[in-house]
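Chemist: This is the structure, below, for whatever I ask next.
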Amino acid sequence: MTADIGNYLLAILSSSTVTSLILLWFFIRNPEKVEKWVSLFLKTFAFVSARAARTHMATDIQSKIAEARKELNIREEVLPYGVKIKWTDVDDVETDLKDKRLVVMMRPYASQAKNFATIISVYIPEVLLPKAKRYVEPKLMTGIEHTISKSILQRNSKALDYYLNAFLEKDNDIASYITKMDKVHMQGALSRLLLPELKRLNVLYPQESNSMVFKETKNFSEMVYNFVTKEPGVDVSPNYLGNHIKMAIVAIAKPYQLVEGKVPASYTFIQKAKEKGIDHFYIVCTEAFIQYAKDLIEDCKNKLSLSKVFEEEYKATFREKQTIMFCAVLVSS
Amino acid sequence: MFSERRRLPVFEEKDFHDILQKVGLLKKIEAGKLFCSKCEIKITKENFGALYIPKGSEDVAVVCNRSDCLRLIAEDIEL
């Protein structure tokens, strides 16, 4: 009888310890999810408790930004910092202003969508490619910031409406970049390709920017846009060889097989591009060609001394349809 | 775990008057003489966005709540 009770207690203790460890592990691995749950829990009390409302307002925005960072930082850390909202008051406002040089006004809880849009408007230009941004053509950078801001705000349609209504872009060049970057982002190429390549300009930091590097970023973004929006059968340059950005997009749309005496065009293209100095290769395709793309990657790793640094299958909009896409990155080793 | 977060101070709308008084801008806004440092629109409680201290200055400036004015703060402050 005593042994049974002992075994029973031991079973409870070990199962609760295991559960606690699993929860702890989950919390460490997914802090943004836990914060989201806390936020949802507090939302229940937000209309009856001012304290709960304030905490919900902060954690709601923090967790949405954390989720967006996870998605956008898929290949490179392009948004290196999240947000920790700190409530200040009349006693601390001067200290906070001197410390952070910025204090934002939050609307009451019922206007949380406005608060989300306001914080995103301040946050994105501050943290998106913080070092490389000074070398990106300014109007292009503004266009990218708007595209990223809109994509984060899509999590809350009211916030997106508020952002768009409060946004009056009169500059035609910026408006054109926003349209183009929206299309690049819809295909998943902004976070996986364009932003990581722009991040290569970090090597220039803290030098002054100049018209040459602005031109390079402008031409590179045009090349990416033209490539991702090209119609079937239309020839568009798939590579860019600049002073800092040296990359090529290799789209696999045919069966690939490397056999003696018959070398596929995609392999030859990579071989020649590498000889010219291109050092980043983006192997992209739709679902039907993933295995061919993987075969090409293996051949390039073995025969051309390229290393695979990234590989992902993801859903995106390709030629107006939701499609499974594949992207892998090979770099010169 | 959350170490890669930047602190962003915010205040509640109900503290608007007290905060503006503290930073010496209440009389200006009441007199209708407080303007957005970016688009120069007259600032009221309804269109108030943020307080900030521009680079190389010790004076507190204000921007309205339009997204294109708020985003320009990043160029104007030392973080």
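Heads up: the sequence lines are chains A and B, in that order.
With this note's numbering applied, the first sequence has no gaps in its numbers, which climb one by one up to 333 at the end.
With this note's numbering applied, the second sequence has no gaps in its numbers, which climb one by one up to 79 at the end.
We put the beta carbon where it would ideally sit given N, CA and C, even for glycine.
Distance, Cα to Cα, A/W25 vs A/W37?
Modeler: Residue 25 of chain A sits at position 25 when you count from the first residue of the first sequence. Residue 37 of chain A sits at position 37 when you count from the first residue of the first sequence. C-alpha separation (whole angstroms): 16 angstroms.
Chemist: In the DSSP output, what is A/E313 paired with across the bridge?
Modeler: Taking the first sequence and counting its residues from 1, the one referred to as residue 313 of chain A is at position 313. According to DSSP, A/E313 bridges with A/F326.
Chemist: With a threshold of 8 angstroms between beta carbons, is B/K42 in contact with chain A?
Modeler: Counted from its first residue, the second sequence places residue 42 of chain B at position 42. So no, B/K42 is outside the interface.
Chemist: Excluding the five sequence neighbours on either side, which residues of its own chain have a C-beta within less than 6 angstroms of the C-beta of B/A141, listed in chain order?
Modeler: Because chain B spans 1 through 79 in this model, residue 141 of chain B falls outside it and cannot be assessed.
Chemist: Taking the C-alpha atoms as reference points, what is the distance between B/L72 and A/I297?
Modeler: Reading the second sequence from its first residue, position 72 is the one you call residue 72 of chain B. Reading the first sequence from its first residue, position 297 is the one you call residue 297 of chain A. For B/L72 and A/I297, the distance between alpha carbons rounds to 43 angstroms.
Chemist: Applying a beta-carbon distance threshold of less than 9 angstroms, which residues of chain A neighbour B/F81?
Modeler: Outside the displayed span of chain B (1 to 79) sits residue 81 of chain B, for which this structure offers no information.
Chemist: Alpha carbon to alpha carbon, what distance is there between A/I152 and A/R200?
Modeler: Position 200 of the first sequence, counted from the first residue, corresponds to residue 200 of chain A. Position 152 of the first sequence, counted from the first residue, corresponds to residue 152 of chain A. Going from the Cα of A/R200 to the Cα of A/I152 covers about 24 angstroms.
Chemist: Can you give me, in chain order, the residues of the region 17-30 of chain B that have a beta carbon less than 7 angstroms from any beta carbon in chain A?
Modeler: Of all residues in the region 17-30 of chain B, D18, I19, K22 and V23 have a Cβ within less than 7 angstroms of some Cβ in chain A.
Chemist: Within 10 Å of its beta-carbon, does A/V48 have 16 or more other beta-carbons around it, so buried, or fewer, so exposed?
Modeler: Residue 48 of chain A sits at position 48 when you count from the first residue of the first sequence. By the neighbour-count rule (16 or more Cβ atoms within 10 Å), A/V48 is not buried but exposed.
Chemist: With 8 angstroms set as the bound, which would you pick, yes or no: does the beta-carbon of B/G49 sit closer than that to a beta-carbon of chain A?
Modeler: The residue you call residue 49 of chain B lines up with position 49 of the second sequence. So yes, B/G49 belongs to the interface.
Chemist: For my contact list, A/D299 and A/V331 are in at a C-beta cut-off of 8 angstroms; report their separation, rounded to the angstrom.
Modeler: Position 299 of the first sequence holds residue 299 of chain A. Position 331 of the first sequence holds residue 331 of chain A. With 8 angstroms as the limit, A/D299 and A/V331 do not qualify as a contact, their Cβ atoms being about 16 angstroms apart.
Chemist: Using alpha carbons as the reference points, say which of A/K321, A/E313 and A/G277 lies closest to A/K294.
Modeler: For the purposes of this step, residue 294 of chain A is taken as residue 294 along the first sequence, with counting starting at 1. Looking at the Cα atoms, A/E313 is the closest of the given residues.
Chemist: Note down, in chain order, each residue of its chain lying with its Cβ closer than 7 angstroms to the Cβ of A/F310, except the 5 sequence neighbours on either side.
Modeler: Here residue 310 of chain A refers to the residue found at position 310 when the first sequence is read from its first residue. So the qualifying residues of the chain are R75, A328 and V329.
Chemist: Can at least three beta-carbon pairs, one atom from the region 6-18 of chain B and one from the region 93-100 of chain A, be found at a separation below 8 angstroms?
Modeler: Verdict: yes, contact present.
Chemist: In three-state terms, what does DSSP make of B/D32?
Modeler: Position 32 of the second sequence, counted from the first residue, corresponds to residue 32 of chain B. What sits at residue 32 of chain B in the sequence shown is Gly, not Asp. Of the three classes helix, strand and coil, the one that applies to B/G32 here is coil, per DSSP.
Chemist: Is there a Cβ from chain A that is less than 8 angstroms from the Cβ of B/A74?
Modeler: Reading the second sequence from its first residue, position 74 is the one you call residue 74 of chain B. Chain A, which has a Cβ nearer than 8 angstroms to the Cβ of B/A74, makes this yes.
Chemist: Ordered along the chain, which non-local residues of its own chain (more than five positions away) have a Cβ less than 8 angstroms from that of A/D182?
Modeler: Position 182 of the first sequence holds residue 182 of chain A. Taken in chain order, the residues that qualify are T147 and K150.
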